[in-house]
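Novice: Keeping their order, the protein sequence lines are chains A and B. Under this note's numbering, the residues of the first sequence are numbered 1 to 148, in order. Under this note's numbering, the residues of the second sequence are numbered 149 to 416, in order. Sharing a structure below in structure tokens format, with a few things to ask.
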Amino acid sequence: MALPRLSRSFTGLLVETSCLIHQRTFSVSTVAAAIQKLTRVRVVDNSSLGNTPYHRSPRVIHVYTKNGIGKVGDKVLLAIKGQKKKALIIGHKMPGECMTPRFDSNNVVLIEDNGNPTGTRIKVPIPTQLRKMEGDYSKVLAIASSFV
Amino acid sequence: MRVKIMNVLCRSRKLLSSVVRSNVLVEQTQVLGSWLSKARCYRLCQNLPQHFAASLASCQHRHHGASFSCHFHTKRCYSERNEDRNSASTGVFEEESHEINDTSFLSQSPLETFSLDVLVSLLRQENAVDLCVIKIPEHIKYAEYFIVVSGVSPRHLRAMALYAIKVYKYLKKDGDPNVKIEGKDAEDWMCIDFGNMVVHFMMPETREVYELEKLWTLRGYDEQLRSMPDETLPEDFMFDVETTNVCCCVCSCVRWRMCSSRLMIVDV
């Protein structure tokens, strides 16, 4: 007795779900990739702001690009230790172009408002494609210790 | 005429004494092309033996007389490892010598390209403080030469950078890319990347903070790098924790949707 009712409800259920999906009552957006707002990032230079522990990891609160997606070489605004700080994306987990390195963590270097890096050394390898990109990357390349 | 030469000699001595104080031992007179005044060339030619013979015993330097026919015989020496500005330089070696005639001076065949010689000489001409040229080893595929210069004031740095750009534009061929000054709005640190050379114009205080010469000569053994603590993974680290979380979220989502649809049916 219960079985046909159950099966009926199940078929109805399936029909209902398919109708729901067809109507699409939820919004759809394109797949965001690399670094966007509220991604947790890893600060890789030796600045005190980036290395002192805090109960919240540094998060991106704004990406300075036309679309809100940050790739290697883009400036972002981070929230670290309750303060806002600009940073430069050095590497991300998303695979990029052919023959560019992909990192296991979203690496970021803190930067002042005038473009000077906050830290003085970077241990993590830096991609060499930064040199060919348009932007002020020579300072970050100058304090880097290894290149990929 | 004699008074003029004397004045020129006095000014040049000051320039050369500041040059000798800095750690880079670059001797050249061939660089100043016809677009610089000829008087400067002759003055350098005359003053070289006194200063450099006194300070450098290892560098050989021969100099044809102070005649105005301008036969120069130069050897270029620069130290590869400039550890510290004040420490003695080690590992000085000599480059091959050039002999330039008066005629070739005017046709400036070795001077047409914007090379290291041109850049260093123009920085010297601009009274750059503490010029440091480091040759980057081959396995680091960044550039060939790494130059750090200090200036007296931010305005001085900007003037030096703009002059370097101007000279580069004058000497570049059609195929060479344009070069821009990076860090224009930072008044204490500016860079220019000339392809095979990178120049950094910094204030002395900024230079003390970053210590770029130490990093680029001592590469892995730099003090600041060594004092950075090694990053180790925490003991409870699991690389695929995030993926399992995602799966759970998906399941719960589907269940919720199924529940809601069932409610719909019941209502109907």
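All residues carry an ideal CB built from backbone N, CA and C; glycine is no exception.
Please report the distance separating the alpha-carbon of A/I126 from that of B/E361.
Specialist: Within the first sequence, residue 126 of chain A is the residue found at index 126, counting from 1. Within the second sequence, residue 361 of chain B is the residue found at index 213, counting from 1. Near 19 angstroms, if we compare the C-alpha coordinates of B/E361 and A/I126.
Novice: Does B/L305 pass the burial test, meaning 16 or more other C-beta atoms within 10 Å, or should it be called exposed?
Specialist: Position 157 of the second sequence, counted from the first residue, corresponds to residue 305 of chain B. Classification for B/L305: buried.
Novice: Which stretch, first to last residue, makes up the beta strand (DSSP E) that contains B/M350?
Specialist: Residue 350 of chain B sits at position 202 when you count from the first residue of the second sequence. According to the DSSP assignment, B/M350 belongs to the beta strand (DSSP E) that extends over 345-350.
Novice: To the nearest angstrom, how far is it from the Cα of A/T120 to the Cα of B/Y293?
Specialist: For the purposes of this step, residue 120 of chain A is taken as the residue at position 120 of the first sequence. For the purposes of this step, residue 293 of chain B is taken as the residue at position 145 of the second sequence. Approximately 21 angstroms, taken between the alpha carbons.
Novice: Quick check on A/I90: buried or exposed, where buried means 16 or more other Cβ atoms within 10 Å of its Cβ?
Specialist: Position 90 of the first sequence, counting from 1, holds the residue named residue 90 of chain A. By the neighbour-count rule (16 or more Cβ atoms within 10 Å), A/I90 is buried.
Novice: Using CA coordinates, which residue listed in A/Q129, A/F26, A/L88, A/D74 is at the minimum distance from A/M99?
Specialist: The residue labelled residue 99 of chain A in the question sits at position 99 within the first sequence. Taking only the C-alpha atoms, the option nearest A/M99 is A/Q129.
Novice: DSSP three-state label for B/E260, please.
Specialist: Position 112 of the second sequence, counting from 1, holds the residue named residue 260 of chain B. Note: B/E260 maps to coil in three-state DSSP.
Novice: By Cβ distance, which residues of its chain are closer than 7 angstroms to B/A312, with the 5 residues on each side in sequence left out?
Specialist: Taking the first residue of the second sequence as 1, we reach residue 312 of chain B at position 164. Hits under 7 angstroms: L267, L270, I340, V347.
Novice: Give me the Cβ distance between A/T52 and A/K86, rounded to the nearest whole Å; I'm assuming they're in contact under 8 angstroms.
Specialist: Counting from 1 along the first sequence, the entry for residue 52 of chain A is found at position 52. Counting from 1 along the first sequence, the entry for residue 86 of chain A is found at position 86. With 8 angstroms as the limit, A/T52 and A/K86 do not qualify as a contact, their Cβ atoms being about 18 angstroms apart.
Novice: According to a CB-to-CB cut-off of less than 8 angstroms, which residues of the segment 71-89 of chain A neighbour chain B?
Specialist: Close to chain B, meaning a Cβ-Cβ distance shorter than 8 angstroms, is no residue of the segment 71-89 of chain A at all.
Novice: Once the 5 residues before and after A/Q83 are set aside, which same chain residues still bring their CB inside 7 angstroms of it?
Specialist: Against the first sequence, residue 83 of chain A aligns to sequence position 83. Result list for A/Q83: empty, nothing under 7 angstroms.
Novice: From A/G115 to B/A307, what distance separates their C-alpha atoms?
Specialist: Position 115 of the first sequence, counting from 1, holds the residue named residue 115 of chain A. Position 159 of the second sequence, counting from 1, holds the residue named residue 307 of chain B. Rounded to the nearest angstrom, the two C-alpha atoms are 20 angstroms apart.
Novice: What does B/D333 reach in chain A if we use C-beta pairs closer than 8 angstroms?
Specialist: Locating residue 333 of chain B in the second sequence gives position 185, counting from the first residue. Near B/D333 (Cβ distances below 8 angstroms), the residues of chain A are N114, G115.
Novice: Contact check, A/V72 vs A/G96 under 8 angstroms by CB: the rounded distance?
Specialist: Stepping through the first sequence from its first residue, residue 72 of chain A is reached at position 72. Stepping through the first sequence from its first residue, residue 96 of chain A is reached at position 96. At roughly 7 angstroms, the Cβ-Cβ gap stays under 8 angstroms, so A/V72 and A/G96 are in contact.
Novice: Please compile the residues from chain A whose C-beta is within a distance smaller than 9 angstroms of the C-beta of B/V357.
Specialist: In the second sequence, counting from the first residue as 1, residue 357 of chain B sits at position 209. Neighbours of B/V357 on chain A, chain order: T120.
Novice: Quick test of your reading: B/C262 and B/K320, contact by CB under 8 angstroms. State the CB separation rounded to the nearest angstrom.
Specialist: Within the second sequence, residue 262 of chain B is the residue found at index 114, counting from 1. Within the second sequence, residue 320 of chain B is the residue found at index 172, counting from 1. Here residue 262 of chain B turns out to be Phe, not Cys, going by the sequence shown. With a Cβ gap of about 6 angstroms, B/F262 and B/K320 count as contacting.
Novice: Based on the DSSP output, what are the partners of B/Y293 in its beta bridges?
Specialist: Taking the first residue of the second sequence as position 1, residue 293 of chain B is located at position 145. Paired residues: B/K283, B/M345.
Novice: Under 7 angstroms between C-beta atoms, does B/R233 make it to chain A?
Specialist: Here residue 233 of chain B is taken as the residue at index 85 of the second sequence, counted from 1. Low per-residue confidence applies at B/R233: pLDDT is 42, beneath 50, and the placement is therefore not dependable, though the value from the model is reported in the following sentence. So no, B/R233 is outside the interface.
Novice: Determine, using beta carbons only, whether B/C280 comes closer than 7 angstroms to chain A.
Specialist: Locating residue 280 of chain B in the second sequence gives position 132, counting from the first residue. No, B/C280 lies away from the interface with chain A (no Cβ there is under 7 angstroms from its Cβ).
Novice: When the Cα of A/G68 is compared with those of A/K37, A/A79, A/S48, A/V41, which residue comes out closest?
Specialist: In the first sequence, residue 68 of chain A corresponds to position 68, counting from 1. Selected option, being the one with the closest Cα: A/K37.
Novice: Can you find a CB in chain A that lies within less than 7 angstroms of the CB of B/Q372?
Specialist: As a position in the second sequence, residue 372 of chain B is number 224, starting the count at 1. It does; some Cβ of chain A falls within 7 angstroms.
Novice: List, from N- to C-terminal side, the beta strand (DSSP E) runs of 3 residues or more that fit wholly inside the segment 16-83 of chain A.
Specialist: 59-63, 75-80
Novice: Thinking C-beta only, is B/F349 closer than 7 angstroms to B/V297?
Specialist: Within the second sequence, residue 297 of chain B is the residue found at index 149, counting from 1. Within the second sequence, residue 349 of chain B is the residue found at index 201, counting from 1. Yes, these two residues count as a Cβ contact at 7 angstroms.
Novice: Just the chain A side, please: which residues come within less than 7 angstroms of B/V297 by C-beta, in chain order?
Specialist: Working through the second sequence from its first residue, we reach residue 297 of chain B at position 149. By Cβ distance, chain A contributes nothing, its closest Cβ being about 13 angstroms from B/V297, past 7 angstroms.
Novice: I believe B/Y358 touches A/I143 by the beta-carbon criterion, under 8 angstroms. Please report the beta-carbon distance rounded to the nearest angstrom.
Specialist: Locating residue 358 of chain B in the second sequence gives position 210, where the first residue counts as 1. Locating residue 143 of chain A in the first sequence gives position 143, where the first residue counts as 1. Rounded, the Cβ-Cβ distance is 6 angstroms, consistent with contact.
Novice: Mind listing the chain A neighbours of B/K289? Cutoff is C-beta to C-beta under 8 angstroms, in chain order.
Specialist: Your numbering for residue 289 of chain B matches position 141 in the second sequence. Simply T128, F147.
Novice: B/A309 and B/I329 - do their beta-carbons sit closer together than 7 angstroms?
Specialist: By 1-based counting over the second sequence, the position of residue 329 of chain B is 181. By 1-based counting over the second sequence, the position of residue 309 of chain B is 161. Yes. Within cutoff.
Novice: Give me the residue from A/R42, A/A79, A/F147 with the minimum Cα distance to A/P101.
Specialist: Taking the first residue of the first sequence as 1, we reach residue 101 of chain A at position 101. That would be A/F147, whose Cα lies nearest to the Cα of A/P101.
Novice: From A/Y64 to B/E335, what distance separates their C-alpha atoms?
Specialist: Sequence index remark: in the first sequence, residue 64 of chain A carries index 64 (1-based). Sequence index remark: in the second sequence, residue 335 of chain B carries index 187 (1-based). Distance between the alpha carbons of A/Y64 and B/E335: 23 angstroms.
Novice: Of all Cβ atoms in chain A, is any one closer than 7 angstroms to the Cβ of B/N230?
Specialist: In the second sequence, residue 230 of chain B corresponds to position 82, counting from 1. Only weak support exists for where B/N230 lies, its pLDDT of 42 falling under 50; the value from the coordinates is given anyway. False, the Cβ-Cβ gap to chain A never drops below 7 angstroms.
Novice: B/V327 by DSSP, collapsed to three states: which one?
Specialist: In the second sequence, residue 327 of chain B corresponds to position 179, counting from 1. Coil, per DSSP.
Novice: Kindly indicate if chain B contains any beta-carbon less than 7 angstroms away from that of A/A142.
Specialist: The residue labelled residue 142 of chain A in the question sits at position 142 within the first sequence. True, the Cβ-Cβ gap to chain B drops below 7 angstroms.
Novice: Is the separation between the beta-carbon of A/T44 and that of A/V124 shorter than 7 angstroms?
Specialist: On the first sequence, position 44 is the one that residue 44 of chain A refers to. On the first sequence, position 124 is the one that residue 124 of chain A refers to. Per the sequence presented here, residue 44 of chain A reads as Val, with Thr not at that position. Closer than 7 angstroms, so yes.
Novice: Residues in the same chain with beta-carbon distance under 8 angstroms from B/G368, minus the five sequence neighbours each way, listed in chain order, please.
Specialist: The sequence position of residue 368 of chain B within the second sequence is 220, counting from 1. Excluding positions up to five away in sequence, the list is empty.
Novice: So, helix, strand or coil for B/L381, using DSSP?
Specialist: Looking up residue 381 of chain B in the second sequence gives position 233. Three-state result, B/L381: coil.
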